[in-house]
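So the structure is just underneath, and the comments pick up after that.
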Amino acid sequence: MNTAELVSLTLDGEAVQVPKGTGLVEAALAAGIEIPVFCYEPRLGPPVGACRMCLCEVQPGPPKPQAACTLTAQDGMIVKTALTSEVARVAQNATLEFILVNHPLDCPVCDKGGECPLQDLTFRYGPGNTRMTFPKRTFDKPIPISPLIALDRERCILCYRCTRFSEIVAEDNQLIARNRGSQSQIATFEDEPYRAHFTGNVIELCPVGALTSTQYRFEGRPWEIQNVPTVCGMCPVGCNIDATTREGKVKRILSRNHHEVDQGWLCDKGRFAFTHLRADDRLTDPLLRVRRRGLEEVSWERAIDEAERLLREAEGRIVTALSGSETVEEAYALARLLRRGLGSHNAVLPEEVSDALDAFRLPLSAIADADVVAVLGDAPVVERAPIVELWIKEARRRGARVLYELDEDEVRNAERATLIWCGPDGQGGARVGELAQRLGASGAFYLPETANGRGVCDAWAVAADDEAARPDPIGLLLVSGDEAAKNPAVRAFAEQAERVIVIAMFQELAGGWADLVLPGTSYLERDGTFVNLEGRIQRLRRTVIPPVPDELAWIAKLAERFGVEISPYPSAVFAEVSEIAFGGMPFGEVGEFASLPSATGEPTTPEIEPLPRAATKTGLRLVRYRPLFSGPAVERVPELQFQRPAAEVELAEDDAHARGIRNGDDVTVRSNGTSVTLRARLTRELRTGVVRIADEHAAELQPSVEITT
Amino acid sequence: MATEVREIVMADAGERDLTKLAEYEAIGGYQALQKARGMTPAAIIDELNASELRGRGGAFFPTWRKWSFVPKPDQNPNPHYLVVNADESEPGSFKDNEIMARVPHRFLEGCLITAHAVDSQNVFIYIRGEYTGPYEVLVGALEELHARADLRGDVTIVLHRGAGAYICGEETALLESLEGKRGQPRTKPPFPAVQGLYASPTVVNNVETMATVPPIITMGGAEYAQLGVPYSRGTRLVSLSGHVANGGNYEIENGVSLRDLIYDLGGGVPGGRQLKAVIPGGSSTSILRYDEIDVGYDFNSLLKLDTAMGSAGVIVLDDRCCMVQLGIRVNEFYEHESCGKCTPCREGTRWMTQILRRLEAGDAEQHELDLLLDVCDRINEKCLCPLGETAAITVASYVEKFREEFQTHIDEGGCPFGDSSPLHDVLAPVAQHTHQGWCQTPSLRGTAR
Numbered sequence: 022m023n024t025a026e027l028v029s030l031t032l033d034g035e036a037v038q039v040p041k042g043t044g045l046v047e048a049a050l051a052a053g054i055e056i057p058v059f060c061y062e063p064r065l066g067p068p069v070g071a072c073r074m075c076l077c078e079v080q081p082g083p084p085k086p087q088a089a090c091t092l093t094a095q096d097g098m099i100v101k102t103a104l105t106s107e108v109a110r111v112a113q114n115a116t117l118e119f120i121l122v123n124h125p126l127d128c129p130v131c132d133k134g135g136e137c138p139l140q141d142l143t144f145r146y147g148p149g150n151t152r153m154t155f156p157k158r159t160f161d162k163p164i165p166i167s168p169l170i171a172l173d174r175e176r177c178i179l180c181y182r183c184t185r186f187s188e189i190v191a192e193d194n195q196l197i198a199r200n201r202g203s204q205s206q207i208a209t210f211e212d213e214p215y216r217a218h219f220t221g222n223v224i225e226l227c228p229v230g231a232l233t234s235t236q237y238r239f240e241g242r243p244w245e246i247q248n249v250p251t252v253c254g255m256c257p258v259g260c261n262i263d264a265t266t267r268e269g270k271v272k273r274i275l276s277r278n279h280h281e282v283d284q285g286w287l288c289d290k291g292r293f294a295f296t297h298l299r300a301d302d303r304l305t306d307p308l309l310r311v312r313r314r315g316l317e318e319v320s321w322e323r324a325i326d327e328a329e330r331l332l333r334e335a336e337g338r339i340v341t342a343l344s345g346s347e348t349v350e351e352a353y354a355l356a357r358l359l360r361r362g363l364g365s366h367n368a369v370l371p372e373e374v375s376d377a378l379d380a381f382r383l384p385l386s387a388i389a390d391a392d393v394v395a396v397l398g399d400a401p402v403v404e405r406a407p408i409v410e411l412w413i414k415e416a417r418r419r420g421a422r423v424l425y426e427l428d429e430d431e432v433r434n435a436e437r438a439t440l441i442w443c444g445p446d447g448q449g450g451a452r453v454g455e456l457a458q459r460l461g462a463s464g465a466f467y468l469p470e471t472a473n474g475r476g477v478c479d480a481w482a483v484a485a486d487d488e489a490a491r492p493d494p495i496g497l498l499l500v501s502g503d504e505a506a507k508n509p510a511v512r513a514f515a516e517q518a519e520r521v522i523v524i525a526m527f528q529e530l531a532g533g534w535a536d537l538v539l540p541g542t543s544y545l546e547r548d549g550t551f552v553n554l555e556g557r558i559q560r561l562r563r564t565v566i567p568p569v570p571d572e573l574a575w576i577a578k579l580a581e582r583f584g585v586e587i588s589p590y591p592s593a594v595f596a597e598v599s600e601i602a603f604g605g606m607p608f609g610e611v612g613e614f615a616s617l618p619s620a621t622g623e624p625t626t627p628e629i630e631p632l633p634r635a636a637t638k639t640g641l642r643l644v645r646y647r648p649l650f651s652g653p654a655v656e657r658v659p660e661l662q663f664q665r666p667a668a669e670v671e672l673a674e675d676d677a678h679a680r681g682i683r684n685g686d687d688v689t690v691r692s693n694g695t696s697v698t699l700r701a702r703l704t705r706e707l708r709t710g711v712v713r714i715a716d717e718h719a720a721e722l723q724p725s726v727e728i729t730t
Numbered sequence: 107m108a109t110e111v112r113e114i115v116m117a118d119a120g121e122r123d124l125t126k127l128a129e130y131e132a133i134g135g136y137q138a139l140q141k142a143r144g145m146t147p148a149a150i151i152d153e154l155n156a157s158e159l160r161g162r163g164g165a166f167f168p169t170w171r172k173w174s175f176v177p178k179p180d181q182n183p184n185p186h187y188l189v190v191n192a193d194e195s196e197p198g199s200f201k202d203n204e205i206m207a208r209v210p211h212r213f214l215e216g217c218l219i220t221a222h223a224v225d226s227q228n229v230f231i232y233i234r235g236e237y238t239g240p241y242e243v244l245v246g247a248l249e250e251l252h253a254r255a256d257l258r259g260d261v262t263i264v265l266h267r268g269a270g271a272y273i274c275g276e277e278t279a280l281l282e283s284l285e286g287k288r289g290q291p292r293t294k295p296p297f298p299a300v301q302g303l304y305a306s307p308t309v310v311n312n313v314e315t316m317a318t319v320p321p322i323i324t325m326g327g328a329e330y331a332q333l334g335v336p337y338s339r340g341t342r343l344v345s346l347s348g349h350v351a352n353g354g355n356y357e358i359e360n361g362v363s364l365r366d367l368i369y370d371l372g373g374g375v376p377g378g379r380q381l382k383a384v385i386p387g388g389s390s391t392s393i394l395r396y397d398e399i400d401v402g403y404d405f406n407s408l409l410k411l412d413t414a415m416g417s418a419g420v421i422v423l424d425d426r427c428c429m430v431q432l433g434i435r436v437n438e439f440y441e442h443e444s445c446g447k448c449t450p451c452r453e454g455t456r457w458m459t460q461i462l463r464r465l466e467a468g469d470a471e472q473h474e475l476d477l478l479l480d481v482c483d484r485i486n487e488k489c490l491c492p493l494g495e496t497a498a499i500t501v502a503s504y505v506e507k508f509r510e511e512f513q514t515h516i517d518e519g520g521c522p523f524g525d526s527s528p529l530h531d532v533l534a535p536v537a538q539h540t541h542q543g544w545c546q547t548p549s550l551r552g553t554a555r
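For the record, the sequence lines run as chains A and B.
Okay, so the first sequence: first residue is 22 according to this note's numbering, each after it adds one.
Okay, so the second sequence: first residue is 107 according to this note's numbering, each after it adds one.
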């Protein structure tokens with residue numbers, strides 16, 4: 022669209038100029054005039070004109086009120102809203118009267134009360150009294166459409182936002198409207214639980230209290246809460262969120278629309294997993310192993326003394342294992358302490374990183390504009406970086422071809438090709454960078470496994486220049502964060518290490534192997550920055566006071582004992598990192614809606630290793646993946662357990678047909694000496710020769726498998 | 107104008123079994139198609155323009171103009187579709203039923219000509235699910251047609267059965283349903299001619315419109331336009347039902363007097379009863395009192411009385427009928443058939459039924475009659491499609507024309523007619539929709555076989 026092309030129209034007597042193609046609702050907004058809406062939500066596809074809240078007088082047009090949300094601004098148009106038109110005023114008042122005729126008006130006990138568009142619009146445009154003297158329509162309520170979402174059909178005003186989200190945005194097609202007329206109701210297909218990756222968005226889309234979060238029900242009133250803007254730390258996308266807090270506790274997570282990153286959508290992990298902050302096995306006191314008596318609670322002062330002692334005793338033979346969930350500042354502080362203070366340069370980093378993609382840096386929203394999207398690497402995008410899957414779906418809806426097997430010619434011939442690497446062997450983006458450079462793609466993304474893996478690796482790298490081989494034997498293994506503590510490779514190092522320090526949130530992950538356990542904090546409890554998969558530096562805010570001192574504070578204290586000066590304040594630490602790594606950008610400029618640093622450097626052709634072949638000689642290549650709904654946080658949220666992956670093996674249609682396997686068949690997946698029985702799921706989003714199984718169902722299967730019915 | 111049957115659409119169906127291809131060809135069937143295929147699409151549209159044919163589904167939109175809105179293949183490379191609305195569900199209308207049951211080949215010939223005129227190779231006939239009889243006739247006719255490549259050409263005709271929803275007679279809801287979605291109207295624009303079935307250019311026409319196309323091509327548009335009256339040219343198949351001696355379908359020239367239609371062709375009100383009211387164009391048109399029937403049965407004449415020909419279902423009501431009960435019956439139909447998409451229709455029709463039931467029971471207070479009219483007002487012109495507005499307009503017309511009777515219900519605290527009001531003869535109860543299978547309609551009694 023040519024934004025220079027403007028149209029002039031009159032809104033309530035005011036002359037307004039807007040770019041051609043602007044919707045009337047937005048055009049009015051530009052003039053500071055409200056056209057009230059319920060069903061209208063531009064992110065849900067074309068307008069449907071269902072609720073009739075936006076009725077206005079529009080000339081030229083038929084001599085009756087028009088649904089303004091379905092119209093775009095035209096030159097010479099004359100629009101009168103309820104402000105200046107009696108016809109529009111009556112029409113909007115009528116719509117609200119009809120909506121309220123069967124609405125239970127249970128606002129005092131409704132979670133939406135106080136932040137409810139229906140309340141607000143009734144106050145501004147609705148009737149002040151009721152003329153309805155008949156029994157209201159009743160339904161059973163509340164209905165749990167899943168363990169996460171409760172449905173109150175009496176409050177529902179049938180705006181179809183939720184069903185449109187399910188059908189058009191998430192494309193899971195599980196939420197439906199059934200029956201008709203005044204008996205229409207929202208339901209899930211066959212009354213099955215609404216089980217998909219993005220279900221919680223319907224709670225936020227609902228303009229009334231019909232869809233509520235089971236976690237937030239009766240947990241707070243809007244005048245008692247505070248929303249703190251921060252970013253999600255559950256995956257490398259870094260969706261922008263608001264954490265609703267009340268009395269020092271996080272009560273819910275809301276999306277905070279960053280149109281380049283998340284478009285206001287949020288996955289269910291990001292939305293619902295926050296209750297892990299209050300898990301029963303959350304550590305609050307440091308634990309010290311005392312010979313024969315096991316782990317004992319000790320004071321923080323004692324714990325810092327012990328940490329100092331363990332660090333000194335290791336005499337530099339230290340390996341640091343990082344999770345990728347640390348903030349940039351925390352990782353940098355740790356790196357300074359260990360590398361500058363102790364000369365211990367060896368680390369197990371959470372990610373492989375490469376700067377090959379810096380020249381292709383684009384916002385995630387650019388995926389939607391591509392005409393060819395090639396999704397490479399064989400792991401499921403939605404499980405690793407869920408929002409990216411929604412951008413791919415949007416691209417497909419806009420007409421893009423989405424390839425799951427690289428077709429070089431198609432990429433080369435596309436005007437705007439986007440490459441996405443999701444899976445093992447990506448070499449931190451080097452591989453997809455090389456492809457993008459060679460095939461002339463306009464955008465390339467690499468999906469890391471951890472939320473701030475890039476930031477952590479950068480921070481570790483800039484703290485010192487020296488390198489060191491892995492000490493043997495390892496004097497001390499310092500494990501930072503629950504992800505590292507869960508990593509089997511790190512566990513293996515622990516076997517060889519003389520001593521182990523673990524920083525973890527949960528007892529389970531620290532119990533058996535640590536000599537000293539320092540309780541950790543969550544991303545919702547820290548100030549600092551994360552670098553997301555685009556390379557965007559985003560600001561984390563402390564939404565609640567953690568039950569333990571935050572990492573940066575005690576790392577600074579500990580560093581001092583080794584003569585390393587580190588500020589306990591993230592702003593100062595960031596300034597130090599930024600000076601070297603982020604072009605000196607000040608902390609204050611990170612902002613609530615972080616912008617993407619522009620692409621830097623010339624595309625380079627990195628060195629890449631040959632890829633393993635899809636089908637091995639002996640069978641199919643197995644790609645194991647870490648499902649979205651897994652990990653220490655998810656495991657501690659009972660309501661999320663139904664979202665854990667089904668016992669399925671995904672395989673390409675060709676491979677299935679060749680073996681006589683149909684969708685839903687029980688099949689046996691075999692490798693040397695191991696076999697697992699799983700349900701087959703046929704997918705077009707996988708290339709021939711590759712099969713996919715979630716980690717927790719893949720048992721001891723080897724990389725080469727065969728499948729039989 | 108003479109009150110006699112003038113058969114164009116139904117021509118020869120009384121003498122021959124035109125469900126058979128051979129019989130239809132024996133009277134010159136499919137010659138119009140051959141003639142049309144020798145013409146350019148533009149020439150066919152010109153012919154339709156000359157005929158002044160307007161859509162017979164109820165909206166009365168000029169057929170040629172609808173066709174001319176369809177982009178040419180070089181303007182829009184998507185497939186072009188012809189969708190025939192055979193979802194005849196309007197209470198009081200049963201004309202399409204008879205056309206499909208008795209002159210299926212004339213109807214199909216019309217479809218093929220139209221397909222040629224709008225550059226379509228794909229025709230969908232969306233037939234009301236309960237119309238099992240006409241469905242089977244059409245299946246037979248299509249089988250015969252399938253064997254005849256010379257007639258069929260490169261056109262594929264798909265017969266699709268509805269699943270029992272009145273709203274799917276609304277063209278955009280029909281398209282949604284045909285696409286396999288929930289039958290709910292779309293907002294317009296875009297209009298189907300530009301973006302219809304599968305977002306491609308689509309013409310949606312009524313069965314009777316299609317069946318009128320071959321005779322127009324045969325006789326020429328100008329000749330066809332000699333029939334009828336200005337603005338309402340040609341003939342119309344009228345479904346006459348209710349308290350009338352000879353109910354059934356009658357094909358007449360537009361403009362015939364409504365009184366003559368009821369008394370001459372229909373044989374008047376039986377049993378020595380007096381005429382009370384007439385619904386002139388199916389349940390969605392405003393009612394006329396007994397003293398308003400000296401009017402031409404055509405678009406303009408009825409418009410002057412604030413009503414319409416609609417889908418030409420004339421429902422005759424005798425003096426035993428209670429207008430409040432009629433309101434309940436008709437409004438409950440719309441409440442039941444409301445798709446639930448837009449607020450005023452979904453909530454308003456339910457509220458109207460509640461108020462009407464209170465009036466009928468004698469429990470209503472004076473202000474509730476005003477409330478009923480105000481609710482009608484608040485539905486009217488605020489809905490997404492005509493369904494809800496229709497309920498509001500028709501019920502309001504009952505109050506307007508028979509206000510004293512509604513007043514009596516309030517004053518006397520009950521219904522003066524009680525259970526003796528014979529509405530069940532006139533409109534089947536709403537519960538009919540729960541029946542599956544063949545609905546015996548009065549349609550096959552009308553025209554002489």
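Ideal Cβ placement from N, Cα and C applies to all residues, glycine included.
Is the separation between the beta-carbon of residue i and that of residue j shorter than 9 Å?
i	j	result
A/V58	A/V46	yes
A/T154	A/T93	no
A/L50	A/K41	no
Just to confirm my understanding: we take residue i, look at its own chain, exclude 5 residues before and 5 after, and list those with CB closer than 6 Å. What are they?
i	result
B/S417	G164, E196, S199 and G388
A/A719	R645
Between which residues of its own chain and residue i is the CB-CB distance below 7 Å, once the five residues before and five after are set aside?
i	result
A/S203	R158
A/A208	I197 and R199
Please state whether DSSP places residue i in a helix, a strand or coil.
i	result
A/W442	strand
A/D423	With the sequence shown as reference, residue 423 of chain A is identified as Val, and Asp is not the correct amino acid for it. If DSSP states are grouped into helix, strand and coil, A/V423 belongs with the strands.
B/C545	Reliability fails at B/C545, whose pLDDT of 36 lies under 50, so the model's placement of it is uncertain and the value that follows must be treated cautiously. In this structure, B/C545 counts as coil in the three-state DSSP scheme.
A/E586	coil
B/V368	Before going further, note that residue 368 of chain B is Ile rather than Val in the sequence given. In the structure shown, B/I368 sits in a helix (DSSP, three-state: H, G or I).
A/H297	helix
Using 8 Å for Cβ pairs, my map puts residue i next to residue j. What's the rounded Cβ distance?
i	j	result
A/Q528	A/L304	6 Å
Residues in the stretch 150 to 177 of chain B with C-beta within 7 Å of chain A's C-beta atoms, listed in sequence order?
-> none
Contacting positions in the stretch 185 to 201 of chain A - beta carbon closer than 7 Å to chain B = A198 and R201
Pull out every residue of the stretch 437 to 456 of chain B whose Cβ sits closer than 9 Å to any Cβ of chain A, in chain order.
-> Y440, E441, H442, E443, S444, C445, G446, K447, C448, T449, P450, C451, R452, E453, G454, T455 and R456
Just by C-beta distance, which residues in the stretch 282 to 297 of chain B are closer than 7 Å to chain A?
-> R288 and T293
Proximal residues, the stretch 26 to 43 of chain A versus chain B, C-beta separation under 8 Å = none
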